[in-house]
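There are 2 protein chains.
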Amino acid sequence: MTYCVAAMIGAGMVFASDSRTNAGVDNVSTFRKMKIHEYPGERVIVILVSGNLGITQATLNTLDQAIRRSDGSPTLLNVRSMYEAAELLGNALRVIRQRDGPYLTQANVDGSANFLVGGQIAGEDQRLFQVYAEGNFIEATPDTPFLQIGETKYGKPILDRVINADTSMDDAVKCVLVSFDSTMRSNLSVGLPIDLVCYQKDSLRLTRVRRFDEQDPYMRNLRNQWGEGLRQAFAKLPPLHWGDQA
Amino acid sequence: MTYCVAAMIGAGMVFASDSRTNAGVDNVSTFRKMKIHEYPGERVIVILVSGNLGITQATLNTLDQAIRRSDGSPTLLNVRSMYEAAELLGNALRVIRQRDGPYLTQANVDGSANFLVGGQIAGEDQRLFQVYAEGNFIEATPDTPFLQIGETKYGKPILDRVINADTSMDDAVKCVLVSFDSTMRSNLSVGLPIDLVCYQKDSLRLTRVRRFDEQDPYMRNLRNQWGEGLRQAFAKLPPLHWGDQA
Chain A
1 MTYCVAAMIG
11 AGMVFASDSR
21 TNAGVDNVST
31 FRKMKIHEYP
41 GERVIVILVS
51 GNLGITQATL
61 NTLDQAIRRS
71 DGSPTLLNVR
81 SMYEAAELLG
91 NALRVIRQRD
101 GPYLTQANVD
111 GSANFLVGGQ
121 IAGEDQRLFQ
131 VYAEGNFIEA
141 TPDTPFLQIG
151 ETKYGKPILD
161 RVINADTSMD
171 DAVKCVLVSF
181 DSTMRSNLSV
191 GLPIDLVCYQ
201 KDSLRLTRVR
211 RFDEQDPYMR
221 NLRNQWGEGL
231 RQAFAKLPPL
241 HWGDQA
Chain B
1001 MTYCVAAMIG
1011 AGMVFASDSR
1021 TNAGVDNVST
1031 FRKMKIHEYP
1041 GERVIVILVS
1051 GNLGITQATL
1061 NTLDQAIRRS
1071 DGSPTLLNVR
1081 SMYEAAELLG
1091 NALRVIRQRD
1101 GPYLTQANVD
1111 GSANFLVGGQ
1121 IAGEDQRLFQ
1131 VYAEGNFIEA
1141 TPDTPFLQIG
1151 ETKYGKPILD
1161 RVINADTSMD
1171 DAVKCVLVSF
1181 DSTMRSNLSV
1191 GLPIDLVCYQ
1201 KDSLRLTRVR
1211 RFDEQDPYMR
1221 NLRNQWGEGL
1231 RQAFAKLPPL
1241 HWGDQA
């Protein structure tokens, strides 16, 4: 399984992904699920992936190869909008699924994959998209300022409560990490390390890139303090009065 | 959708179910998803249901008709153990699915259904089971003191943190209601009223049965206080220090 979140707030964007992959519970590995294309001053594109690892890696490789060929065809390096970047990604995914899909189906393997792709290209605003397994995609709006892929449910309640267009970058980072904490507690197939990137709107460069592993003191402290805060909030809730003798 | 929880702690058991059903978003109704069989001093059996409403109603009716026939065959009234009660339920479900399943499959309708069945029968300890859509079942143990059916993920993190064999009845009730709050905030197809029952171990009767609707002052207060407590706990978390100038 996988858990990835991208939040788009007024101040910028936060991207985070876990790094646990498993082909059955007896085959657990660590793979980075975040791919960054940064051309400082001109564009920042961050891609998060979930789903079949062969499919997601092949899709990203297709996009990389197009950049290396530099034969004038559209690439993540030369498209003029994030919309075109999402389109490129969706098309690459369709090509790979067409190539590998029938073989996976024969073996009863799920070849689906989902992507979040966001960032900013000089000349337009920051934008965030979710590319579905079929290659079509949607764009986040101020009403839906975050998108998730993978194991999305355990970590959604805190995002629902905190993230909106006015949330500060500090709060968005904390909230995304708390969301990962809830997910990792309830689903063993989502695991550390977590890759986190903060993008400051209009900066067109990435200065805040961080990986949190088991030993990371901030993450450990956050998890402990959040657990303690929840316990205290819970303890303060009034008991239900039944009005009987029991 | 549906959300049901049953928790078995040292002091007794807590059962809760929502009551929203929907056949598409344009056909939303309220149905009780909790069925109680109480024979004071002898047995208390509580059944929670999720899944296809026709299938769950037919299954419960099958069990009721067996009681009314009273021809000596096993019923929820005369079985000697909760294990046999779970077996009866699973068998009734299999009969109904065999009867209706092919017609549902023709119409591409999901005929699956899940049940939680728990309580106590004089002569044995309190017990809790989950009956799967195939009619097989598992029993809760002190290591897994709660079971959920329906939309289980949004409300699981708080149960994971709070519920264990030593949790007090008051805390278990609060926790189950908070779990419903999280679920209802993130999934519109789970909705009030909530039916809640507390069973005091070895009492062999039910004195605490309650329904919470939109206007219920305790539920409203709990939801507000929990939201406020989460906000405060979140506000106290330290921001991540990036060590840059941004």
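Chains A and B, in that order, are what the protein sequence lines are.
Quick note, the first sequence lines up with residues 1 to 246 if you use the numbering used here.
Quick note, the second sequence lines up with residues 1001 to 1246 if you use the numbering used here.
For every residue, glycine included, the Cβ atom is placed at its ideal position computed from N, Cα and C.
Take the Cβ of residue i as the centre, count every other Cβ of all protein chains shown within 10 Å, and call the residue buried at 16 or more, exposed below.
| i | result |
| --- | --- |
| residue 1028 of chain B | exposed |
| residue 1017 of chain B | buried |
| residue 72 of chain A | exposed |
| residue 236 of chain A | exposed |
| residue 1048 of chain B | buried |
| residue 114 of chain A | buried |
| residue 1243 of chain B | exposed |
| residue 1096 of chain B | buried |
| residue 1107 of chain B | exposed |
| residue 163 of chain A | buried |
| residue 183 of chain A | buried |
| residue 67 of chain A | exposed |
| residue 1075 of chain B | buried |
| residue 138 of chain A | exposed |
| residue 1019 of chain B | buried |
Taking the straight line between their C-alpha atoms, what separation do you get for residue i and residue j?
| i | j | result |
| --- | --- | --- |
| residue 42 of chain A | residue 202 of chain A | 10 Å |
| residue 171 of chain A | residue 1226 of chain B | 19 Å |
| residue 1169 of chain B | residue 51 of chain A | 41 Å |
| residue 165 of chain A | residue 1039 of chain B | 55 Å |
| residue 1123 of chain B | residue 1143 of chain B | 23 Å |
| residue 190 of chain A | residue 151 of chain A | 8 Å |
| residue 63 of chain A | residue 177 of chain A | 29 Å |
| residue 1246 of chain B | residue 207 of chain A | Annotation note: pLDDT 46 at residue 1246 of chain B (below 50); position unreliable, coordinate value reported separately. If I take the Cα positions, the gap works out to 8 Å. |
| residue 1260 of chain B | residue 1008 of chain B | Any answer about residue 1260 of chain B is impossible in this case: the structure gives chain B only from 1001 up to 1246. |
| residue 1002 of chain B | residue 24 of chain A | 29 Å |
| residue 90 of chain A | residue 60 of chain A | 11 Å |
| residue 1216 of chain B | residue 1186 of chain B | 20 Å |
| residue 140 of chain A | residue 83 of chain A | 11 Å |
| residue 85 of chain A | residue 1056 of chain B | 48 Å |
| residue 1081 of chain B | residue 1005 of chain B | 21 Å |
| residue 112 of chain A | residue 1211 of chain B | 42 Å |
| residue 105 of chain A | residue 1234 of chain B | 45 Å |
| residue 1156 of chain B | residue 1026 of chain B | 28 Å |
| residue 35 of chain A | residue 103 of chain A | 26 Å |
| residue 78 of chain A | residue 230 of chain A | 47 Å |
Going by DSSP, what residue range makes up the alpha helix (DSSP H) through residue i?
| i | result |
| --- | --- |
| residue 233 of chain A | 217–236 |
| residue 1169 of chain B | 1169–1186 |
| residue 1159 of chain B | 1156–1162 |
| residue 1030 of chain B | Counting along the chain, residue 1030 of chain B falls outside any alpha helix (DSSP H), though it belongs to the beta strand (DSSP E) covering 1028–1030. |
Residue i lies in the beta strand (DSSP E); which residues open and close that run?
| i | result |
| --- | --- |
| residue 1039 of chain B | 1034–1039 |
| residue 17 of chain A | 12–17 |
| residue 120 of chain A | 113–121 |
| residue 195 of chain A | 194–200 |
| residue 73 of chain A | That residue, residue 73 of chain A, is in no beta strand (DSSP E); it is neither H nor E in DSSP. |
| residue 1148 of chain B | 1146–1150 |
| residue 130 of chain A | 127–131 |
| residue 8 of chain A | 3–9 |
| residue 252 of chain A | Past the edges of chain A, shown from 1 to 246, lies residue 252 of chain A, and the structure says nothing about it. |
| residue 1022 of chain B | 1020–1022 |
| residue 44 of chain A | 43–51 |
| residue 1211 of chain B | 1208–1212 |
Closest by CA to residue i, which one among the options?
| i | options | result |
| --- | --- | --- |
| residue 209 of chain A | A:196, A:221, A:216, A:156 | A:196 |
| residue 1021 of chain B | B:1033, B:1012, B:1014 | B:1033 |
| residue 126 of chain A | A:199, A:152, A:106 | A:199 |
| residue 1118 of chain B | B:1218, B:1237, B:1012 | B:1012 |
| residue 161 of chain A | B:1074, B:1232, B:1120 | B:1232 |
| residue 1058 of chain B | B:1026, B:1098, B:1080, B:1086 | B:1098 |
| residue 205 of chain A | A:23, A:181, A:37 | A:37 |
| residue 1239 of chain B | A:238, A:228, A:70, A:221 | A:221 |
| residue 181 of chain A | A:65, A:154, A:229, A:44 | A:154 |
| residue 1054 of chain B | B:1100, B:1068, B:1229, B:1069 | B:1100 |
| residue 10 of chain A | A:230, A:167, A:184 | A:167 |
| residue 1219 of chain B | B:1234, B:1179, B:1241 | B:1179 |
| residue 1110 of chain B | B:1031, B:1030, B:1134 | B:1134 |
| residue 1136 of chain B | B:1104, B:1087, B:1224 | B:1087 |
Say whether chain E places a C-beta atom closer than 9 Å to the C-beta of residue i.
| i | result |
| --- | --- |
| residue 4 of chain A | No chain E appears in this structure, whose protein chains are A and B. |
Could you check how far apart the C-beta atoms of residue i and residue j are, in whole angstroms? I think they sit under 8 Å.
| i | j | result |
| --- | --- | --- |
| residue 1175 of chain B | residue 1194 of chain B | Contact flag wrong, Cβ pair sits at about 13 Å. |
| residue 116 of chain A | residue 147 of chain A | 5 Å |
| residue 1213 of chain B | residue 1188 of chain B | That pair is no contact at about 17 Å. |
| residue 1173 of chain B | residue 1014 of chain B | 6 Å |
| residue 120 of chain A | residue 44 of chain A | 6 Å |
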